[in-house]
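Colleague: What follows is a structure written as structure tokens; I'll ask about it next.
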Amino acid sequence: MSKKKLMKSNGIVYSTDPEFVPDADEQPVQETLPVAVQKLKLSLDKKQRAGKAVTLVKGFTGLRNDLENLGKQLKSFCGTGGSVKDGEIIIQGDQRDKVFQWLLENGYKNTKRV
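Right, here's the structure in full:
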């Protein structure tokens, strides 16, 4: 039997319990918190980026689509490129002041600069 099949069944091959249901691999859907409750952190990062500065927005709690929409709005406002990876919004350049201003104007009151 391949390792992939064992990993999906969590190592359980057989059960005598008639009501046994194997654990689903799906993670519970995490709903997006309201804007006023979001605790976002802004930081500047130069590590592993060939000395180029990027602004990181961390701490967003919610769906991936909502995070991507927020990232798109921030990139558009700053007029720069960037991406959304690993639950972080990455914006090219030192845009902390612009991003902080935009977040406060749009209701993200619990935003901190780190």
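When we follow this note's numbering, the leftmost residue of the sequence shown carries the number 57, and every step to the right adds one. Here a beta-carbon is modelled for each residue, glycine too, at the ideal position from N, C-alpha and C.
(1) For L98 and F133, I'd like the C-alpha separation in whole angstroms.
(2) Work out the CA separation of K168 and P90 for me, nearest whole Å.
(3) Give me, in chain order, the residues of the same chain whose beta-carbon lies closer than 6 Å to that of G137; leave out the 5 immediate sequence neighbours on both sides.
(4) By how many angstroms is the C-alpha of L100 removed from the C-alpha of L159?
(5) Could you spell out the range, first to last residue, of the beta strand (DSSP E) harbouring V113?
(6) Please report the straight-line C-alpha distance between Y70 and N125, rounded to a whole angstrom.
(7) Tell me the DSSP bridge mates of K168?
(8) Here's a check: name, in chain order, each residue in its chain whose Cβ is nearer than 8 Å to the Cβ of G115, leaving out the five neighbours to either side.
(9) Take V110 and list the residues in its own chain whose beta-carbon comes closer than 8 Å to its own, dropping the five residues that flank it on each side.
(10) Apart from the five residues on each side of it in sequence, which residues of its chain come closer than 8 Å, Cβ to Cβ, to K154?
Modeller: Working from what's here:
(1) 16 Å
(2) 17 Å
(3) Q148
(4) 16 Å
(5) V110 to K114
(6) 44 Å
(7) K97
(8) Q94, K95, L96 and K97
(9) L100, D101, K102, G138, I146, I147, Q148 and G149
(10) F133 and C134
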